[in-house]
Amino acid sequence: MRIMAIDYGDARTGVALSDITGLLAGQTFLVKSRKEDVVLEELTALAKQQGAEELVLGYPKNMDGTLGPRAEKCAAFGERLKEATGLPVILWDERRTTVDAHRILGEQGVRSKNRKDKIDSVAATLILEGYLTFKRVQAQRAQQEESHG
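With the numbering used here as the guide, the letters of the sequence shown map in order to residues 1 to 149.
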């Protein structure tokens, strides 16, 4: 099952795609647009082109777990994405992904001025990896319950 993770932003939207097994993060893409309709159109085309079966949208909660205007905008975009693609859209807590993405790129020696175009793709990859790990753990728990049940 191919899964596509999305880090929706104001100017750039990072996209990470799993491999066909749905176990590993693979390719990344970047959609550069401030226009929601353009981003929606490009993501819909990309999902179709890449054979995505599930979409995971980064959900920017506040650090205390509350929802702010950014999360509300994201949830509304998620609804539009679900309608446009016909695919399930999972809102995934993305607290700290951008901070972690900056740290990772810094550790790799990527200079600040060169990070702008990479940061959103790295953040999308972190969202995807978090979600894939969650799915693996869920599957392992289900198997354990079956074997003990």
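Ideal placement from N, C-alpha and C gives every residue a C-beta, glycine not left out.
If you ignore the 5 residues before and after P60, its C-beta comes within less than 7 Å of the C-beta of R70, A71, C74 and E94, all in its own chain and listed in chain order. Per DSSP, the continuous alpha helix (DSSP H) segment holding I119 begins and ends at S112 to H148. Short of 6 Å from the beta carbon of I119, and not among the five residues preceding or following it, lie these beta carbons of its own chain, in chain order: A101. A check of alpha carbon separations from L23 across G58, S121, L132 and V110 identifies L132 as the nearest. Across the set A84, A11, T98 and T66, the C-alpha of A84 shows the shortest separation from the C-alpha of L46. Pairwise C-beta distances place the segment 62-69 out of contact with the segment 11-20, as fewer than three of them are shorter than 8 Å. Note on L67: under 16 other CB atoms within 10 angstroms of its CB, so exposed under the neighbour-count rule.
For the segment 17-59, the continuous beta strand (DSSP E) assignments of 3+ residues that do not extend past its boundaries occur at 25-32 and 54-59, in sequence order.
Secondary structure at L67: coil, using DSSP grouped into helix, strand and coil. By the Cβ test, the segment 37-45 is not in contact with the segment 105-116, since fewer than three Cβ pairs between them sit closer than 8 Å.
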